[in-house]
Each structure stands twice: as structure tokens, then as C-alpha cells.
Amino acid sequence: MVDSNDNVGIIILGNNNSEKSFLGNVILKRELLQHKYQELSFLGQSYIVYNIPSLIEAEQERIDLNKREIYTFFQQHPRSIVLFVFGINNESIRHEDIVAFTVLNQELLLMMKIRNNRWTMKIE
3 MVDSNDNVGI IILGNNNSEK SFLGNVILKR ELLQHKYQEL SFLGQSYIVY NIPSLIEAEQ
63 ERIDLNKREI YTFFQQHPRS IVLFVFGINN ESIRHEDIVA FTVLNQELLL MMKIRNNRWT
123 MKIE
């Protein structure tokens, strides 16, 4: 992973079949699937677009690895934008995506020690 505080990080998170890679491809205007991250320059600002595999995995080892990757990304790119991609099932957000978002949101708030609700969403 590129280590630079000059870059703004864009991390794309979500579960399987939520079209994370498609969103990354649209942002980059090229295939993101070939690599975990790609660099992008837009209006004089450098960005790193990073695609994390599914958040909900069958194996705990894989979940732990994904958490470490997210943590490392934020350490290397403290100025980051989080894009959480929700999948749709019968015109509704999938339950597993709501669960993953809620857990991830709490983890990120603790990890980054953010105490405001600037980018959170209340789900009831």
C-alpha cells in the first residue's frame, strides 16, 4: 500500500455482491479489480482508492485480516473518505449489510476517536 499523508484515501467497504468493485471502477474510470488499490489524481489532489474484500466472511481469520487492512489503511491515510456500499434485495437494503455497517461504524468511531456523527447513519 502506498504510504503518503499527502494522498486522500477513499476506502470502499461492503459485503459480497454489493458492487464495491463496480463503484471503484466508476471512480477510477478503469478496472480496479486488477489491484487492491489504485492512485487517482483529480483537480490537483492525489487520491488512493482502496477496495477491501467482503466484511462478512465465513472464516474469522479472514474477518480479522480485513479489520487489520482497514486499520492499516487509516493509519497510512488519516484523511480518508469511507464509501460503504449497500446491496439491494427485493428493493430493500440487505440485513447483513445493515449489520456490517453498524458494526463497522462503531469500530471506526472507536478506532479514529471521532465523537461527532458527521458521517454516521442512524438505523432503527
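First residue of the sequence shown? That's 3 in my numbering, and the numbers climb one at a time after it.
The beta-carbon is built from N, C-alpha and C at its ideal position, and this holds for glycine as well.
Since the model is a prediction, treat every value here as computed from it, not as a measurement.
Opposite G11 in the DSSP bridges: which residues? I50 and S82
Skipping 5 residues on each side, what residues in its chain have a beta carbon closer than 6 Å to that of R81? V10
Using only the alpha-carbon positions, how far apart do S48 and S94 sit? 35 Å
Ignoring anything shorter than 4 residues or poking outside the segment 58-103, list the alpha helix (DSSP H) runs there in chain order. 62-78
Cβ neighbour criterion (16 or more within 10 Å) applied to N17: buried
Would D99 be called buried (16 or more neighbouring beta carbons within 10 Å of its own) or exposed? buried
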